[in-house]
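All remarks here apply to the structure that follows.
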Amino acid sequence: MEWDGVSSLDRVEEHRDDFAWIARQWAAGGSVVLPVGPGGRFPVTSGGKRLDFRAATGELDPATVHLLGLSAGRAVFCTAAEEEPSGVTANVREAGHLLPADECDIAFAATALTNWHRHEPHCSACGAATEPRRAGLMRHCPECGRSSWPRTDPAVIVAVTNADDEILLAHQHTWAPGRVSVLAGFVETGESLEQALHREIFEEAGIRLADLQYVASQPWPFPRSLMLGFRARATTTDLVFDQEELAWGDWYSRDRVREEVGAGRLFLPMASSLANLLVRDWWGEDAPPV
Ligand SMILES: [Zn+2]
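Numbering (full-length UniProt numbering), first residue to last: 1 to 290.
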């Protein structure tokens, strides 16, 4: 999935306050719903390469069903299912790189939106139960009138290279043995993306950076991040890891990555992730499979 083009999902801003229009879309033949379970899983077919939509049937319930938009000429809705959907399921980590681009847009949007409705059903000002509005893009408090929208938390992720063009890869305590990634962290309030990068990489690895270059971004709804990917050059070399977060890490040449991945000792970031894109961006042509 490439994230640098126009989304295939038309979010129909102009129709979102028109319930009659939305109800007509629901009733039109071909409209579909993607249920997303509490763990972010949705039904898939074809070995995870296609979404397994449900047909839109019965009355539209705006309290539980949300309009994602129009895609491929039909209306696509989502709903936060109380249990994980039955049958074969996947989440966007597993299927993000397998789905066609239009269904990938739908899967990420449905995951993020249902997660928000599921976890923030109350007003942050008065605590009353809120109701979806604008076909699910916001919630409204009937008690105090406050409106709320889904939040997106920016996080920075960076491929840091040294003077020998080796990349910094590290392993977190909670990961499976051998799994490594480039470093990442959340942007704090009142901080620019660049300041966050300088701070995070010094905190986590003791490295100072220069030549920050933006590469790409990707939604990452676990639960509500927007990953902003950079490349940067290290101006220091000694790695001092924050042991609470990172268990180990090192500078890796392409030959060393190829050898250790081939031997099954090293596992690169998942193909669906921006971290993987950043590693491939550093690698260039003929990047190894993950
Ligand atoms: Zn309220």
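Glycine included, each C-beta is placed from N, C-alpha and C at the ideal position.
Excluding sequence positions up to five away, which residues of its chain have a Cβ less than 7 Å from the Cβ of residue i?
| i | result |
| --- | --- |
| Cys-78 | Val-33, Leu-34, Val-36, His-66, Leu-68, Ala-110, Leu-113 and Thr-114 |
| Val-156 | Ala-184, Gly-185, Val-187, Leu-193, Ala-196, Leu-197, Glu-200, Leu-228 and Phe-230 |
Run through DSSP, which three-state label would residue i get?
| i | result |
| --- | --- |
| Ser-147 | strand |
| Ala-205 | helix |
| His-173 | coil |
| Phe-186 | strand |
| Leu-98 | coil |
| Thr-161 | strand |
| residue 299 | Because residue 299 is not part of the residues shown, which for the chain are 1 to 290, the question remains open. |
| Leu-60 | coil |
| Leu-113 | helix |
| Asn-68 | As written in the sequence, residue 68 is Leu, which differs from the Asn given in the question. Note: Leu-68 maps to strand in three-state DSSP. |
| Ala-181 | Per the sequence shown, residue 181 should be read as Ser rather than Ala. DSSP places Ser-181 in strand when its eight states are reduced to three. |
| Gly-136 | helix |
| Arg-54 | strand |
| Gln-195 | helix |
| Glu-131 | strand |
| Val-156 | strand |
| residue 363 | This structure cannot speak to residue 363, because the chain is shown only from 1 to 290. |
| Leu-168 | strand |
| Leu-277 | helix |
| Gly-249 | strand |
| Thr-272 | It should be pointed out that residue 272 corresponds to Ser in this sequence rather than to Thr. Coil at Ser-272, not helix or strand. |
Identify, in the order they occur along the chain, each residue of the same chain with its Cβ nearer than 8 Å to the Cβ of residue i, setting aside the five sequence neighbours on each side.
| i | result |
| --- | --- |
| Thr-89 | Gly-37, Arg-41, Phe-42, Pro-43 and Val-44 |
| Ser-31 | Gln-25, Ala-55, Ala-56, Arg-74, Ala-75, Val-76 and Phe-77 |
| Gln-213 | Phe-230, Arg-231 and Ala-232 |
Using a Cβ-Cβ cut-off of 6 Å (strictly less than) and excluding sequence neighbours within five positions of residue i, which residues of its own chain qualify?
| i | result |
| --- | --- |
| Ala-81 | Pro-35 and Gly-37 |
| Leu-98 | Gly-48 and Lys-49 |
| residue 359 | Only positions 1 to 290 of the chain appear in this structure, which leaves residue 359 out of reach. |
| residue 291 | Shown here, the chain extends from 1 to 290; a query on residue 291 therefore has no answer. |
Using only the alpha-carbon positions, how far apart do residue i and residue j sit?
| i | j | result |
| --- | --- | --- |
| Pro-132 | Leu-268 | 40 Å |
| residue 319 | His-171 | Because the chain spans 1 through 290 in this model, residue 319 falls outside it and cannot be assessed. |
| Val-76 | Val-261 | 40 Å |
| Pro-223 | Asn-276 | 19 Å |
| Leu-278 | Val-158 | 7 Å |
| Val-180 | Trp-282 | 15 Å |
| Ser-273 | Arg-93 | 7 Å |
| Trp-21 | Leu-60 | 12 Å |
| Thr-161 | Arg-208 | 11 Å |
| Phe-108 | Pro-62 | 20 Å |
| Arg-118 | Ala-271 | 28 Å |
| Gly-5 | Leu-226 | 16 Å |
| Val-257 | Ala-234 | 19 Å |
| Gly-58 | Gly-29 | 12 Å |
| Gly-145 | Cys-126 | 10 Å |
| Leu-169 | Phe-202 | 14 Å |
| residue 300 | Cys-141 | Because the chain is modelled from 1 through 290, residue 300 falls outside the range shown and cannot be assessed. |
| Ala-101 | Ala-23 | 27 Å |
| Thr-152 | Gly-96 | 19 Å |
| Pro-177 | Asp-250 | 15 Å |
| Phe-53 | Leu-70 | 14 Å |
| Arg-265 | Pro-85 | 35 Å |
| Ala-287 | Arg-11 | 35 Å |
Which whole-angstrom value describes the C-beta separation of residue i and residue j, a residue pair presumed to lie in contact below a C-beta threshold of 8 Å?
| i | j | result |
| --- | --- | --- |
| Glu-103 | Arg-50 | 6 Å |
| Ser-124 | Ser-147 | Actually they do not touch by this definition, with Cβ atoms about 11 Å apart. |
| Asp-105 | Ser-8 | 5 Å |
| Pro-150 | Trp-175 | Actually they are not in contact, since the Cβ atoms of Pro-150 and Trp-175 sit about 28 Å apart, beyond 8 Å. |
| Glu-204 | Glu-245 | 6 Å |
Against chain B, does residue i count as a neighbour if the rule is that its beta carbon must be under 8 Å from one of theirs?
| i | result |
| --- | --- |
| Phe-53 | Looking for chain B here will not work: only one protein chain is present. |
- Message: Which residues neighbour ligand 1 when neighbourhood means a C-beta less than 6 Å away from any of its non-hydrogen atoms? List them by chain order.
- Response: Cys-123, Ala-125, Cys-126, Ala-128, Cys-141, Glu-143, Cys-144 and Arg-146
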